[in-house]
Amino acid sequence: MFYSKEEFKENFVKLLEQQEQPASPKTAYSILAGMVREFVQRDWDETTYLYQEEQRKQLYYFSIEFLIGRMLGQNLVNLSLYEMVSEGLDELGYSLAELEEQEPEPGLGNGGLGRLAACFMDSIASLQMPGHGCGIRYKGGLFSQGLSDGFQTEQPTDWINDSVGWDTRREDLALYIPFFGKLQVSEEGPFKPEHKDAKWVKAVPYDMPIVGAYGNTVNTLRLWQAELPEQQLLPDGDIDAYQQQVETISDRLYPDDSTDEGKLLRLKQQYFLCSASLQTIVKNRDFPITVLAKHVAIQINDTHPALAIPELMRILLDEEGMPWEEAWGITTHTISYTNHTILEEAMEKWSSRMLEQLLPRVYMIIQEIDRRFKEKCHQENLEPEALKKLAIIDDGMVKMATLAVVGSYKVNGVAKLHTDILKMREMKELNEHFPHKFHNKTNGITHRRWLMKANPELSDLISSAIGDEWKQDTMKLHKLNEFTQDSVFLGDFKAVKQQKKNQLADYLLDQQTVTIDPESIYDMHIKRFHGYKRQLMNILHIQMLYNRIKEDASYRPHPRTFFFAGKAAKSYQFAKQVIKLINTIAEQINTDPVARHHLHVVFVEDYSVSRAEKMFPAADISEQISTASKEASGTGNMKFMMNGAITLGTFDGATVEIIEQTGEDNAFIFGLSAQQVMQFEKEKTYHAREFIEKDHEISRMVSELLSGSLSKGPENIDFIRRQLIDENDPFFVLKDIQHYARTHNRALAEYEDNLAWQEMSVVNIAQSGIFSSDRTIRQYSDEVWGLEKVHSK
Ligand code: 26Y
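Just so you know, we're using full-length UniProt numbering here: the sequence shown kicks off at 1 and counts up by one.
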């Protein structure tokens, strides 16, 4: 325990002295992390006790990803100890920032969905609500990304082995999960199938404290690890081989699913997560199972944990002996579902055959859910097409999104536009059948990580102007609107932005030996690589700017640094070629004696939460240029806004709501609307080829691209060629690129007017409060989960 700086120093030094001298930063980090861990233990125990004592309704957030980022610094911020510890360490000759860098980063997620889960955990605890995460303790998170000759390379990560655990193994809470085997039903007595010859897997929970700010609430993130079960549950045969098989379940996030074996492994992971989490909830309850829905809410983060629906049914039917109707009533009042995508490729479908083989009883229940639902739909005199859409099992496949909608009491999209598209198009029939189920919950981000932790300089400036109430209620950021004409404040803001730009330049010089001009405009496109996110449009536009500089001696624009960061999925060849293209164009521009004074392209390797924390605060321009209708929400857009970057983007996802907040004057918007995109898609009236022929500039750039001269060989762009030409440019890159170029020119002109730019930035920060995940969580709690704030001291 340490309640003062002196006490902290004393304890720290004591522990340090027990180590070999001089202690490495790694050792110092471990000691500090251990102290913080101990510090939160009492509140953690107390929170757990209070939840049981007061019998409050508890939320369990089921997610296949939790992209939590490093914990040390964030925990100190939430405990309001950051400054004290930082000063104390300074006085002892250590730097807290350096120690923080020692923490291995758990990459237990891939992108937006996993980071959202992490922001939600922070908000729930900080709002003193009883809510916990349930996930998988992958041994290796997402691969770490490198570049070799401009190509993405992938190395496996192993965060657990290097880690000073924030998590605690709870052997006492271990559970067992059955796979495969067959069902045996006795002829006499009530229907009670028995699961014979199952292969058992042991699920051991590791609990991580989620430290809330302002109060003493410490919630739990429970991550399950797959292990070999005890002797009596072992199958005959080669035990080593079985152990290996079992352990692969929690080995890797998103194993390659191009083979049946890979698909089976993913399915095992999903069931492992759902079954272990549900068993733990049911087993450790202190209320009758019949009132489960009054005491427990379960949110499933996309369809990956949708097996929670039939699994809960199985527990209620087979283990609790309930009749179907009652079990169904409880299930459909306990579980709710969030959809994060409308992209066809991300809509999960499992083969019935595989499900039946791996999870015979669960599959039987899915069949029964489907049968009953089909029966209901048939009574409604629907067209055959509508009936097909409403089927859970169709063509030998189980449609997980349909199962999730049918088995939940609420279904939400993650931004207004996305929810509207779900209701009107993707899930039209389901919405008509369940008119009150669908609702919107626009995503949010935790301002404690993305502003207070990532940008303490800006946080202090904000507090010096409007006090620090905004930290508890981000809507108070509105007060900054009074400062948009205050030249002193604007000047101070500019100085902070410059400081963050300098810091990023120093960091990247150190990490990647790139030299960045801190006076240049920082334009950032940082997110997963995907066709619809249109990194391709960005880099092709940069190539157009380069051509113009080469040709027009009078065109010498203000220096701009274009940052790209993000990973491409291992098997996503198109996205990987875009990365290669960015790097080859970068090389050409960055070494050009003239162009390099105006344009600089930087690919930041191995994008992660901690790299993101360094990048968002330094941005001037936030690239949010997805093909309208394709990005469900986006959350990076909110992180940029909160740090005062100006959005340059399309009317898509939550960017629509960002613009609603700032007004179009405080952002740069371009491109087709979602309506237009959907119309083109429906009527098939867009022809990329005509477009290329019509526009001289595009035509030149495309022929350069296709010749392979921009990518060091045509073989490096064949997937890009296929998409742009053979597949008729499905993401409307060539359709939108000129409007995009003009919009960049507008932004550039505006940037020259210093005050106007800073004014826009401050309006963005002032209006960003609504995008705190505290707001999102309050809405979920009020409208879906029904949680109450638990009194803590
Ligand atoms: C299983 C496989 C098909 C799959 C794996 C990962 C499917 C989806 C995903 C991840 C999706 C994801 O991260 N979606 C993003 O969720 C964010 C949080 O709601 C949104 O802001 C973002 O627009 C959306 O792309």
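All C-beta atoms in this analysis are idealised placements derived from N, C-alpha and C, irrespective of residue type, glycine included.
With burial defined as no fewer than 16 other Cβ atoms inside 10 Å of the residue's Cβ, what is the status of residue i: buried or exposed?
{"i": "N745", "result": "exposed"}
{"i": "T338", "result": "buried"}
{"i": "K268", "result": "buried"}
{"i": "A454", "result": "buried"}
{"i": "E105", "result": "buried"}
{"i": "M424", "result": "exposed"}
{"i": "N431", "result": "buried"}
{"i": "T157", "result": "buried"}
{"i": "V762", "result": "buried"}
{"i": "S398", "result": "The identity of residue 398 in the sequence shown is Val, whereas the question assumes Ser. So V398 ends up on the buried side."}
{"i": "E345", "result": "exposed"}
{"i": "H696", "result": "exposed"}
{"i": "S408", "result": "buried"}
{"i": "N583", "result": "buried"}
{"i": "T446", "result": "buried"}
{"i": "F272", "result": "buried"}
{"i": "L221", "result": "buried"}
Give the straight-line distance between the Cα atoms of residue i and residue j, rounded to the nearest whole angstrom.
{"i": "L79", "j": "E100", "result": "16 Å"}
{"i": "K437", "j": "E519", "result": "51 Å"}
{"i": "G396", "j": "P310", "result": "18 Å"}
{"i": "E38", "j": "E103", "result": "17 Å"}
{"i": "E17", "j": "E10", "result": "11 Å"}
{"i": "K793", "j": "H304", "result": "Summary for K793: the model assigns pLDDT 49, below 50, so the residue's position carries little reliability, and this model does not support an answer."}
{"i": "G88", "j": "G34", "result": "16 Å"}
{"i": "Q21", "j": "S95", "result": "17 Å"}
{"i": "L76", "j": "D473", "result": "20 Å"}
{"i": "G321", "j": "H478", "result": "55 Å"}
{"i": "L593", "j": "V733", "result": "Before going on, a small fix: residue 593 reads as Pro here, not Leu. Straight-line Cα distance between these residues: approximately 29 Å."}
{"i": "residue 805", "j": "Q779", "result": "Since the first and last residues shown for the chain are 1 and 793, residue 805 lies out of range."}
{"i": "M242", "j": "P255", "result": "According to the sequence as given, residue 242 is Tyr; it is not Met. Each residue's alpha carbon lies about 18 Å from the other."}
{"i": "L710", "j": "L142", "result": "30 Å"}
{"i": "I549", "j": "S629", "result": "34 Å"}
{"i": "E482", "j": "K476", "result": "12 Å"}
{"i": "W757", "j": "D510", "result": "30 Å"}
{"i": "M121", "j": "L72", "result": "16 Å"}
{"i": "residue 797", "j": "A619", "result": "Nothing about residue 797 can be read from this structure; the chain reaches only from 1 to 793."}
{"i": "Q498", "j": "L451", "result": "16 Å"}
Give me the residue from the options with the minimum Cα distance to residue i.
{"i": "F8", "options": "D90, M71 and E20", "result": "D90"}
{"i": "W785", "options": "F680, D251, L67 and H333", "result": "H333"}
{"i": "F324", "options": "R722, I777, I366 and D286", "result": "Residue 324 is actually Trp in this sequence, not Phe. Considering only alpha carbons, the answer is I366."}
{"i": "R775", "options": "V398, S707, K441 and Y61", "result": "K441"}
{"i": "R314", "options": "G131, P193 and L265", "result": "P193"}
{"i": "M347", "options": "A297, V405, Q485 and T662", "result": "V405"}
{"i": "L81", "options": "S123, V36 and D260", "result": "V36"}
{"i": "M638", "options": "G671, S629 and F616", "result": "F616"}
{"i": "S669", "options": "I737, D606, H378 and Q128", "result": "Position check: residue 669 holds Ile in this sequence, whereas Ser was assumed. With distances taken between Cα atoms, I669 lies closest to I737."}
{"i": "A118", "options": "N110, I136, E154 and I68", "result": "I68"}
{"i": "L359", "options": "Y49, H195, G713 and E154", "result": "H195"}
{"i": "S464", "options": "A505, R528 and F493", "result": "F493"}
{"i": "M641", "options": "S622, G634 and N728", "result": "S622"}
{"i": "E98", "options": "S610, L705 and F731", "result": "S610"}
State the beta-bridge partners of residue i as determined by DSSP.
{"i": "P209", "result": "T220"}
{"i": "L599", "result": "R560"}
{"i": "Q299", "result": "Y61 and S336"}
{"i": "C377", "result": "Answer is none; C377 lacks a bridge partner."}
{"i": "I136", "result": "W224"}
{"i": "R252", "result": "G140"}
{"i": "Q152", "result": "L147"}
{"i": "L127", "result": "None; L127 has no bridge partner."}
Measure the beta-carbon distance from residue i to residue j and round it to whole angstroms, keeping in mind my assumption that it falls under 8 Å.
{"i": "L599", "j": "R560", "result": "6 Å"}
{"i": "A125", "j": "N219", "result": "5 Å"}
{"i": "L316", "j": "T331", "result": "7 Å"}
{"i": "E457", "j": "V496", "result": "5 Å"}
{"i": "S250", "j": "I136", "result": "5 Å"}
{"i": "I300", "j": "A308", "result": "6 Å"}
{"i": "V602", "j": "F563", "result": "5 Å"}
{"i": "L113", "j": "D302", "result": "6 Å"}
{"i": "E429", "j": "A386", "result": "5 Å"}
{"i": "G566", "j": "Y607", "result": "5 Å"}
{"i": "Q279", "j": "L175", "result": "5 Å"}
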